[in-house]
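Right, one structure below, let's go through it.
Residue numbers (the working numbering): 0 to 81.
In structure tokens:
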């Protein structure tokens with residue numbers, strides 16, 4: 000696990016495809032040692048979600064439709080502002 004440079008927070012309902020593209024493009028333009036967290040790639044345990052946020056230097060919220068209706072997105076926001 001370790002530290003991530005960027006945590007991509009999004010809702011599965013309306014942000015999954017866009018976040019995949021964002022991550023791909025960022026990794027293409029950034030040094031190879033940059034680590035970007037995306038749930039489908041990096042999440043091992045949902046109960047440790049706040050730890051993943053806490054171990055990330057930057058959290059990017061992708062505010063698509065339904066974001067604030069998602070319990071997990073709200074968990075991520077709360078962890079990011081602590």
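A virtual CB, placed ideally from N, CA and C, is assigned to each residue, including glycine. The structure presented is a predicted model; accordingly, all values stated were derived computationally and were not measured.
| Asked | Found |
| --- | --- |
| Give a yes or no on whether the C-beta atoms belonging to residue 4 and residue 34 are separated by under 8 angstroms. | yes |
| Which class does residue 6 belong to by DSSP, given the choice of helix, strand or coil? | strand |
| To the nearest angstrom, report how far apart residue 29 and residue 22 are at their CA atoms. | 10 angstroms |
| In three-state DSSP terms, what is residue 76? | helix |
| Would you check whether the ligand PLP has a heavy atom nearer than 7 angstroms to the C-beta of residue 45? | Because no ligand of any kind appears in the structure shown, any question about the ligand PLP cannot be addressed here. |
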